Amino acid sequence: MEDYKRTDPDVVLMQIQKEDEDLIRQNKGRLKIFLGYCAGVGKTYRMLQDGALSKKNSIDVAIGIAETHGRKETEALLAGLECIPRKKIAYSGLDLEEVDIDRILSRAPQLVLMDELAHTNVPGSRHSKRYQDIEELINAGIDVFTTLNIQHVESIVDIVSQTSGIKVYETVPDSFLALADEIELVDLTPEKLLERLKEGKVYIPQKAQLAMQKFFRMGNLLALRELSLRYTAKQVDEDMQSYMEKSGIIGPWPVGSKLLVSISGSPSSERLLRITHRMASDLNADWYAVYVDSPQQTNLDDNSRNQLEKNILLATELCAKVFPLSGTIIADEIIHFARQKNVTLIIAGLSHRSRIEELFKGSVINELVRKSSPINVLIVGSESYRKTLYEKYKALNKKDYKSYLASCLSVAIAVGISWPLRQWLDPANIGMLLLFPVIASSVLWGTRVGLFTSAIAISLYDFFFIPPFFTFSIGDYKYLPGFLVFIAIALINSFLAKMFRWQYETSHSRERFLSSLYTFSREMMMSKNVEDILSRSATNISEAFSSDAVIFVPDADGNLTLATHIHTRSIIDEAEKAIAVWVYKNGQPAGRNTRTLSSSMWYFLPMNVKESTIGVVGIRSTNQEHFLTADQIRLLESFASMVGLALANH
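Residue numbers (numbering that gives the first Met the number 0): 0 to 649.
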């Protein structure tokens, strides 16, 4: 056989993976998305038309929700189609309506029509987003038709913001859109759309006039239409490539490229993730999102940590493979990981640091570019933003001034001790005494306080002990090297202290993680029966996370029941149990810190063994302000897997 006809092994692997995915999706419902570039192009109308046609073809069709916005031609299509009543939810003194998922699941039509995919549900709903409602219906084997505007696609919201100046807050992750079996473009020229708007076929006349002045400008419509056409063309190209691969048609498959994006606790990382996702989609490439835990990250405030967790969640929704890294030099860790994974392109954001900050703190970007060969590096310019003096002042106000006051007091004490000794000690020895508060401050409170202390110490040293006395002028410049020593010692000591502190925290965190896993696995091995497994598991989980813990398992009839609980301040109520039942049936986490029933104070996690769920673990933290970090969630997932395996073996 000729070499050029041999199938690429990477293509074979991709084909096997896709076949496995197809097998998994056989028992799920099909998803069709009607995509448009703007309200009024006819998405809901087309969806209802197709729904009516499906009913004529003897398919059981029901409407979960359809927003007609008063358009008569759209309302006419509702005739003859069953509308499932919506669920009323009380919120802020109002009775609001949302899709009744339980009623749809009970009714179990073959096809359900669900308008406005990007909709955010009323607080108190099972899911925070409508696309999660639709995902649950698909998993239950129900086909779904839905509608979406292009500006709500997560990976391109930054482009929409740049081209139209409109900030979009309701988005649908690309990982969900990848589930779609078909995406149909509903298109209309901007001229015809504006004509419909003037005729009152999109909004009422008063609202239409305002819309034309803001969102419905010709430039915006052209840009959004181009985005929708490009997005649909890309989907068609992917479908064509998938067909050719399945059919064994030889072609130049664009495999082998791998991208890596470095993220942090900065809001600009969101834009980097979207850019990398678009590039990976265009190149048909795998991509990784990494964040490095380094000494520089030890002083992250709560906002930065929350933003980092948000960025990690976004990376997951955009189908990235997320990896946490740890090291003293950020650039080295990124390069090392990139070479391990055969990455071909690294994407990083332009630093917001000033030249002075780069001089003292260094530049990760410069190090990355210098050490990356032969890997290419793409530096992406971020939105031009730099903190104003007022914002820096506000940030300083949030810091603990006790450290600055304590450093001033320590210098004052050192001066007080040195003052009566000036007759017996020369200025050089007195300078050594004044170094003690500089060293202590830099070690205890970091670089900023250390430099502040060195400045105070230098000033008082010059004022009281260097002639001419009681002035800040320097009579002999031989003392200047001594002043530089003060600054150098503050910088060096703060760096070393930060390094040792980070190494201790990192090693201590890993030790606790491994110790918890070891202790938990040992407890599972020592368990004699199912009751013993459940009791030991709940106790260990409660101790590891300093939280209340519950475990649910099915009874002989298959109904989920509370098997054990530790430290619960009250018996778990029916609402919380209903969440656990949902987790058991769907095999997905729910509760606090998720997008499903997030109003709950509990976090529920399924105990999955292979492709089945055999129970549910739930925890409620005693600290309501700070809940689970990404590392803690991974540890809890490990615990849940161990409990599941132990129960399966008994």
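Cβ atoms here follow ideal geometry from the backbone N, Cα and C, with glycine treated the same way. Every value quoted in this text rests on a predicted model; they were computed, and no experiment measured them.
Taking Pro-588 as the reference, give the member of Tyr-602, Ala-647, Val-167 and Ile-374 with the closest Cα. Tyr-602
Can you name the start and end residues of the beta strand (DSSP E) that Glu-181 belongs to? 181-184
Among Leu-490, Pro-189, Glu-181 and Leu-479, which residue has its Cα nearest to the Cα of Phe-215? Pro-189
Which of helix, strand or coil DSSP assigns to Val-143: strand
Per DSSP, what kind of secondary structure is His-126 in: helix, strand or coil? strand
Across the segment 108-119 and the segment 144-164, are there enough close Cβ pairs to call them in contact, namely three or more that are closer than 8 Å? yes
Opposing strand residues paired with Lys-31 [DSSP bridges]: Phe-144 and Glu-181
In whole angstroms, what is the alpha-carbon distance linking Glu-308 and Gly-92? 33 Å
How is the beta strand (DSSP E) around Ile-571 delimited, first residue to last? Per DSSP, Ile-571 belongs to no beta strand (DSSP E) and is neither H nor E.
Ala-454 and Pro-436 - do their beta-carbons sit closer together than 9 Å? no
If you follow the beta strand (DSSP E) that Arg-619 is part of, which residue opens it and which one closes it? 611-620
According to DSSP, simplified to helix, strand and coil, what is Ser-599? coil
At the level of alpha carbons, what is the spacing between Phe-464 and Asp-630? 53 Å
Out of Ala-288, Leu-77 and Cys-318, state which residue places its alpha-carbon closest to the alpha-carbon of Leu-324. Ala-288
Suppose contacts are defined by Cβ-Cβ distances below 9 Å. Is Leu-196 in contact with Leu-259 by that definition? no
Spatial distance of Leu-193 from Gly-218 (CA atoms): 12 Å
Same chain, Cβ closer than 7 Å to Phe-519, five either side skipped, listed in chain order: Asn-539, Phe-638 and Met-641
For Phe-336, the first and last residue of its enclosing beta strand (DSSP E): Counting along the chain, Phe-336 falls outside any beta strand (DSSP E), though it belongs to the alpha helix (DSSP H) covering 329-339.
Using the Cβ count rule (16 or more neighbours within 10 Å means buried), how would you classify Ile-491? exposed
So for Trp-444, helix, strand or coil by DSSP? helix
Reduced DSSP category for Tyr-290 - H, G, I as helix; E, B as strand; rest coil: strand
Distance CB(Glu-575)-CB(Ser-541) smaller than 9 Å: no
For Lys-42, does the count of other Cβ atoms within 10 angstroms reach 16, so buried, or fall short, so exposed? buried
Is it true that the segment 134-144 meets the segment 73-91, where meeting means three or more beta-carbon pairs spaced less than 8 Å apart? no
Please classify Gly-629: does DSSP put it in a helix, a strand, or coil? Per the sequence shown, residue 629 should be read as Ala rather than Gly. Reduced to three states, the DSSP call for Ala-629 is helix.
So the candidates are Gln-48, Asn-607, Ser-362 and Asn-592; which of them puts its Cα closest to the Cα of Ile-632? Asn-592
Terminal residues of the beta strand (DSSP E) in which Thr-343 lies: Per DSSP, Thr-343 belongs to no beta strand (DSSP E) and is neither H nor E.
Could you tell me whether the segment 36-53 touches the segment 157-175, using the rule of 3 or more Cβ pairs below 8 Å? no
Could you tell me whether the segment 263-283 touches the segment 303-322, where touching means 3 or more Cβ pairs closer than 8 Å? yes
Enclosing beta strand (DSSP E) for His-564 [first to last residue]: 559-565
Expressed to the nearest angstrom, what Euclidean distance is found between the alpha-carbon atoms of Asn-607 and Asp-59? 33 Å
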